[in-house]
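In what follows, a structure is listed as structure tokens, so that the remarks can point back to it.
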Amino acid sequence: MNETKPLRVGILVARGHALENWELMILDRILAAPGLELAAVLTQPYPFGDGKTSKLFSWSARLEAQALARQPAYSPKHFNSRRHFIDCYESDDDKACPPDNITPASLRRLKLDLVIRMVPMSMADDAIAALPFGEWAFNLSDRRSADVDWYGYAEVLARASTADLVLYAKCGGKAGRFEIARASFNIKPSAARLSAFVRERSVTLLLRELTRLADTRRFDPSAFAGSIVDQAPSPGDLFRYGCIVAGSVSVKAFKSIRARLRAESAIWTLYTGHGHIDDFDPSKAVEIPPSDNSIKADPFLFQEDGKCYLFYEAYSHGDRKAHIAVGRFDGDALTQVGVALERPYHLSYPFIFRDGDQIFMIPETHQARRLEVWRCCEFPLKWELHATAFEGQSPADSVLIHHGGKWWLFTNLSDFHAYEDHCSELYLFEVDGPALTGIRPHKRNPVVIGSTEARGAGRIFERGGRLLRPSQHNAYGIYGYALNIMEIEKLTLDDYCERRIRTVTPAFKAGLHGCHHFDAANGRYILDARLTI
């Protein structure tokens, strides 16, 4: 059997400009990825065309980046600029030609499958037509000048719920645009922070799509929707933008000071009612309110000996870490039982489940830099460590399900350099059960990208022949803004597909700012809701 040839990738970068962290990360990941080959790094001598921005904008953008989006320099493990740079600005007959012309002949000699453009200036249509899979680019690459980028400004000015990252391709002789992949991310307090964060997330999105193409050699992008380029902000825009950012930063600074003084904590409340994941009505739910010494979030229900127990993240007002506590329902009233698990690090999301006659719990332990599985020794308050996995990594909100004769682990790993984030990437693994001694990653990891759907929000349910996954909808700059119900349509080691069938916003009760977790058992459901931002 002949081995599949690697996908030969070219990268088009700006001549005379130092590579940014996200560009170095892309080059590094391509070099490290099986099935991909970094065949050329091309330098564009006029990467920004005639695009210019005002001196006021350039100055303010640099100041903002230094203050709000500073990050450590990325050190490549595989990429070396002296070894990997290739210029190919030449004519078909190897005679001199305009320096901004990449010719079809030069691309064919390099046997490139595609070129990833990191600058606003595209290649000529005839050059793009010489590439089997065209020229790829991100929408954020189009919002750049020589000294500043303006991705995120329009979203912050419009007070948008999210910002879109779009990977698109130009293909064929007329080089029409086609959408490859799209992801939405929560708004940040400033465009500089948002731009830096989304650029880091773009690395994972690009590598997933390149790997998919290398594996399948199938390329069927969809029609492109929406516009790509918006103008750099005007002086009037900058004044409005400055007022918005100043307000956001002041609020965050005030909250940070109060948190350090242990006078500020996110306050959540619980709501319970009768129903199932596919028919619950939160407007009819009964509140289980918090108190200063008992704030509850991430609730999981569990039936044992005919009684309904509640496991949840518990903390007092001003605490810096939480533990796992247990309560027991008597009707809709909750009686405190005790502390199930407490560690030197933060615990939350106590996913509890049964396997045969054994009871297990997988709390969220990303501060310990590993995933932990705990086994119950004496229900409900005595637990022992049963297994660990993903040592040195940062998994959060993990769920195990047994479906189709296999065990599947869903977890929100944070693959990051400067910006740790558990809301944007959902990873899937086939495992051998709670022991986690055998772990096989899904071929398309991360299977979901974007803060509006990726992060888990409770256990996964099989209901009426359907597989339903609660997920968080993080938007409007709020963590835990809303709750999605996703239907998983395909679940194999090679394929994953889900669709959103419902979104529950905090409007179901007055005075709420968010809702981000759901669970149900024996006809009772429970969800949490955010009382503060």
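Here my numbering is used: the first residue of the sequence shown is 20, the next is one more, and so on. Even for Gly, the Cβ is constructed at its ideal location relative to N, Cα and C.
Sorting E472, S241, A156, R373 by C-alpha distance to the C-alpha of E198 places S241 at the top.
As the crow flies, the alpha-carbon of T430 is around 12 Å from that of Y368. Under the Cβ criterion (8 Å, minimum of three pairs), the segment 55-66 counts as touching the segment 128-141. Listed in chain order, the non-local C-beta contacts of A200 below 7 Å within the same chain comprise L186, L224, E228, local neighbours out to five positions each way being set aside.
When only Cα atoms are considered, D300 and D538 end up about 13 Å apart. Taking all protein chains shown into account, W78 has fewer than 16 neighbouring C-beta atoms within 10 Å of its C-beta and is therefore exposed.
Collapsing the DSSP output to three states places D298 in coil. CA-to-CA, the gap between R48 and E506 works out to about 32 Å. Residue range 181-190 is occupied by the beta strand (DSSP E) that includes L184. In the DSSP annotation of this structure, the continuous segment of the beta strand (DSSP E) that includes Y446 starts and ends at 444-450. Separation of F372 and I296 (C-alpha to C-alpha, rounded to the nearest whole angstrom) is 17 Å. Here P309 is near T288, since their CB atoms are less than 8 Å apart. The bridge partners DSSP lists for N464 come to none. D132 counts as buried, since at least 16 other C-beta atoms from the protein chains shown sit within 10 angstroms of its C-beta. Note that the segment 147-154 touches the segment 172-191; at least 3 beta-carbon pairs, one per stretch, sit closer than 8 Å. Selection G294, M380, Q322, Y331 evaluated against I307 yields Y331 as nearest (Cα-Cα). Leaving aside the five residues that flank R220 on each side, the residues in its chain whose CB is nearer than 6 Å to its CB run, in chain order, S443.
Secondary-structure assignment with DSSP links D166 through no beta bridge to anything. Counting only runs of at least 3 residues, the segment 461-518 fully encloses the following beta strand (DSSP E) elements, listed from N- to C-terminal order: 480-482, 485-494, 497-510. Between W169 and P252 a beta carbon distance of about 6 Å is seen, short of the 8 Å cut, so the two are scored as contacting. Ranked by how close their Cα comes to the Cα of K303, the residues K24, A529, E56, L26 have A529 in first place. Where I147 is concerned, the enclosing alpha helix (DSSP H) starts and stops at 144-148. For A529, the secondary structure class from DSSP, reduced to helix, strand or coil, is coil. By alpha-carbon distance to E410, the top candidate from A58, I468, T384 is T384.
Between R259 and L176, the beta carbon gap of about 6 Å places them in contact (Cβ cut-off 8 Å).
From the listed residues L50, L428, Q491, R459, the smallest Cα separation to R521 is found for Q491. E481 is classed as exposed because its beta carbon has fewer than 16 other beta carbons within 10 Å across all chains shown. R549: member of the beta strand (DSSP E) spanning 543-549, first to last residue. In the three-state reduction of the DSSP assignment, G255 falls in the helix class, which pools H, G and I.
A540 has its alpha-carbon roughly 28 Å from the corresponding atom of K340. DSSP, read as helix, strand or coil, puts R196 in strand. For the 8 Å CB-CB criterion, T181 and F204 form a contact. The residues G192, K193, A194, in chain order, have a CB closer than 7 Å to that of D144 in the same chain once the five nearest residues on each side in sequence are set aside.
The three-state secondary structure of D317, taken from DSSP, is strand.
One Cα belongs to N312, the other to G266, and the distance between them is close to 31 Å.
According to the DSSP secondary-structure assignment, W393 is paired through a beta bridge with M380, L404.
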